[in-house]
Amino acid sequence: MLNLSVLLEDGARNNPERECLIFGDLRLNYALVDMIANQVANLLVARGVAPGDKVALASPNTPYFPFVYFGALKAGAVVVPLNVLLTPREIAYHLEDSGAKALFAFTGTPDLPLGERARTAFEQVDSCEVYIDLPAEPGAKESAVAGAETLWAALDGQPGTFESVRTEADDTAVIIYTSGTTGTPKGAELSHNNLLYNAVCSSELFGSAERDVFLAVLPLFHIFGQTTQLNTALYRHAAIVLMPRFDGDEALALMEKEGVTTFGGVPTMYWGLLGAKGEHDLKKIASTLHTAVSGGAALPAELARSVKERLGVEILEGYGLSETSPVVSFNNPKVKAKTGSIGRPIWGVEMRLVDPEFNEVEGEGPGEVAVRGHCVMKGYYNRPDATAQVLQDGWFRTGDIARRDEEGFYFIIDRSKDMIIRGGYNVYPRELEEVLLTHPAVSLVAVVGVRHESHGEEIKAYVVREEGAELGEEELVAWAKERLAGYKYPRLVEFRDTLPMTATGKILKRDLR
């Protein structure tokens, strides 16, 4: 038996009064967080959610995320985290594809009306039977979303104790949606074992203090934040400072106020820390901050040097994917780290380089990175053909191209296919192209990533109009914005009469880049 909820339950048993979640003026200890998660588990059982059923969760970094996440796990359900920027069409797709029976969604704010979008999607999906609103106001019994029931109203009268469902180590705990490299999003099935081992290994790689405080600004619906911020912190019985939206000045203020020891972010967040304009006691911040982790995109060496000069901490770079829970390799400060490298495989994980025929590449390479070990997903949910394309003899083919030095450090040199990483978010051109092609004035389109100073890459669409059609750049961008999540839609559009192609009609995206 193994249930990932043990991460929260162990802290509640052994350190019940220790601070667990810090969110604005709210300071919740382990016992209270575990009790609310128990109430959520009881609620799910009362509403007919059975072990193995899917529970979708759309929430920014607020206490609601761990409440529902661990409550669902306790009930034996499978958590399906959703990006809070998804449109109703995209939310509905995820609900239908996963067969989610319940959806918990944050009400939202005027600039992020998530609840309205989620409710619209919920009403379009027959399989989803339970909708619970996560209100912006703590304890609110009335919902701002028409026809919705708030979590606090639903939990009224639910017991605060619950015996977690017996799940096996290989049972699916979480389904993380990713496109892999192409096409519509696929759900990577991550087991209780996958996620627990990754949290334990991450904890061993990070530094530690007598009182550890994690600043969780990476979205918890993303596997990077979920493992390295939420689950790793709970494994340590640490405090988690929840930050719903990144702001450099606010992040530094929280580091100073709460004595943050561990920070994880994508490179653009470190740029944000350096660009903060407010007055901050950097010496005080540096006195407690012992671990800074970067992932999601390549970390520029100059950025790493600047952060070390200002905050006194060396940024440690790692590598992972949604399909690998996510951490595969890391620069272990206890052994050796190399700037520009993604490090070496973590404990219990193997990496190798392979050619297109899956033959092992000896020496430096380059080659495609293949991974084997406890971190590798079970497969893509209800996608046996897609699973077979990436899993072979226990090895997961990442699609990323790397080289390897004589000490076993890996260096990513290219990404397979055409995936774009914008501000740490993976964006898959084919999905965008399929949406853009539904515009009546668009005849042909190719989406690529172009270099951007702060986001790493920006999304650009090269478009061929239908003959005689009149369509402007701003008009197409606005149209796409209504149909795609905020991190996906193209900000740049260039109209052309033709696009470069091979003799077989394949668009030459490398020429467009």
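In terms of full-length UniProt numbering, the sequence shown opens at residue 1 and continues consecutively. The beta carbon of each residue, even a glycine, is placed where N, CA and C say it ideally should be. All values reported here derive from a predicted model rather than from experimental measurement.
**OP:** For residue 164, collect the residues of the same chain with a Cβ closer than 6 Å to its Cβ; drop the 5 residues on either side in sequence, then sort them by chain order.
**Re:** The answer, listed in chain order, is 3, 5, 74.
Subject >> Residue from 155, 126, 110, 112 whose Cα sits closest to the Cα of residue 132 >> reply: Checking every option, the nearest Cα to that of residue 132 belongs to 155.
Subject >> Neighbour-count burial assignment, residue 347, 16 or more Cβ in a 10 Å radius >> reply: By the 10 Å Cβ count, residue 347 comes out exposed.
**OP:** Answer yes if the stretch 279-287 comes into contact with the stretch 211-228, meaning at least three C-beta pairs across the two stretches below 8 Å, and no otherwise.
**Re:** Touching, no.
**OP:** Counting only the same chain and skipping the five closest in sequence on each side, list residues whose C-beta sits under 6 Å from that of residue 258.
**Re:** 213, 241, listed in sequence order.
Original post:
Should residue 474 go down as buried or exposed, given a rule of 16 or more other Cβ atoms within 10 Å for buried?
Top reply: exposed
Original post:
Expressed to the nearest angstrom, what Euclidean distance is found between the alpha-carbon atoms of residue 8 and residue 405?
Top reply: 40 Å
Subject >> Of the residues 315, 467, 300, the one placed nearest residue 261, counting alpha carbons only >> reply: 315
Subject >> Check whether residue 77 and residue 51 have beta carbons under 8 Å apart >> reply: Less than 8 Å divides the Cβ of residue 77 from the Cβ of residue 51.
Original post:
With a CB to CB cut of under 7 Å and the five nearest residues on each side skipped, what residues in its chain are close to residue 27?
Top reply: 19
**OP:** Would you kindly check if the distance between the Cβ of residue 162 and the Cβ of residue 42 is under 8 Å?
**Re:** Contact: yes.
**OP:** Can you tell me which of 96, 229, 218 puts its alpha carbon nearest to the alpha carbon of residue 126?
**Re:** 96
Original post:
Within 10 angstroms of its Cβ, does residue 454 collect 16 or more other Cβ (buried), or is it exposed?
Top reply: The C-beta of residue 454 has fewer than 16 other C-beta atoms within 10 Å across all chains shown, which makes the residue exposed.
**OP:** State yes or no: is the C-beta of residue 365 within less than 8 Å of the C-beta of residue 403?
**Re:** yes
**OP:** Would you check if there are 3 or more beta carbon pairs closer than 8 Å linking the stretch 202-209 to the stretch 241-252?
**Re:** no
Original post:
What do you get for residue 419, buried or exposed, if any count of 16 or more other CB atoms within 10 angstroms of its CB means buried?
Top reply: buried
Original post:
Around the Cβ of residue 269, are there at least 16 other Cβ atoms within 10 angstroms (buried) or fewer (exposed)?
Top reply: Buried, because 16 or more other Cβ atoms sit within 10 Å of the Cβ of residue 269.
Original post:
In the structure shown, what three-state DSSP assignment does residue 83 receive?
Top reply: Residue 83: coil per DSSP, three-state reduction.
Original post:
What residue ranges within the UniProt domain "AMP-binding enzyme C-terminal" (431-506) form continuous alpha helix (DSSP H) runs of no fewer than 4 residues, ordered along the chain?
Top reply: 473-481
Original post:
Candidates 439, 430, 466, 265: which alpha carbon is nearest residue 507's?
Top reply: 430
Subject >> Collapsed DSSP secondary structure at residue 134 in the structure displayed >> reply: In this structure, residue 134 counts as strand in the three-state DSSP scheme.
Original post:
Do residue 98 and residue 80 have their C-beta atoms closer together than 8 Å?
Top reply: yes
Original post:
Do you know offhand how far residue 37's Cα is from residue 62's?
Top reply: 14 Å
Original post:
Rounded to a whole number of angstroms, what is the C-alpha to C-alpha distance between residue 302 and residue 12?
Top reply: 42 Å
Subject >> Among 112, 67, 122, nearest to residue 91 - alpha-carbon criterion >> reply: 122
**OP:** Starting from the C-beta of residue 65, find all residues in its chain whose C-beta is less than 6 Å away, skip the five residues before and the five after it, and write them out in chain order.
**Re:** 59, 220
Original post:
So is residue 117 buried or exposed if we call it buried at 16+ other beta carbons inside 10 Å?
Top reply: buried
Original post:
To the nearest angstrom, how far is it from the Cα of residue 460 to the Cα of residue 447?
Top reply: 6 Å
**OP:** Whole angstroms is fine: what's the gap from residue 180's alpha carbon to residue 488's?
**Re:** Bear in mind that the predicted position of residue 180 carries a pLDDT of just 45, short of 50, making it too unreliable to give a figure here.
**OP:** Let me know if residue 25 comes out buried or exposed under the rule of 16 or more other beta-carbons within 10 Å of its beta-carbon.
**Re:** exposed
Original post:
Apart from the five residues on each side of it in sequence, which residues of its chain come closer than 8 Å, Cβ to Cβ, to residue 458?
Top reply: Once the five neighbours on either side are set aside, the close Cβ partners of residue 458 are 422, 449, 450, 451, 452, 491, 492.
Subject >> Helix, strand or coil at residue 180 according to DSSP, with G and I counted as helix >> reply: Low confidence applies here, because residue 180 scores a pLDDT of 45, under 50, leaving its location unreliable; read the following figure in that light. Coil, per DSSP.
Original post:
Is it right to say residue 285 is buried, meaning 16 or more other beta carbons lie within 10 angstroms of its own, or is it exposed?
Top reply: So residue 285 ends up on the buried side.
Original post:
How is the beta strand (DSSP E) around residue 45 delimited, first residue to last?
Top reply: No beta strand (DSSP E) contains residue 45, which is instead part of the alpha helix (DSSP H) from 30-46.
Subject >> Cutoff 7 Å; reference residue 556; Cβ partners in own chain excluding five residues on either side >> reply: In this structure the chain extends from 1 to 513, so residue 556 is not present and cannot be described.
**OP:** State the Cα-Cα distance for the pair residue 467 and residue 108, rounded to the nearest angstrom.
**Re:** 42 Å
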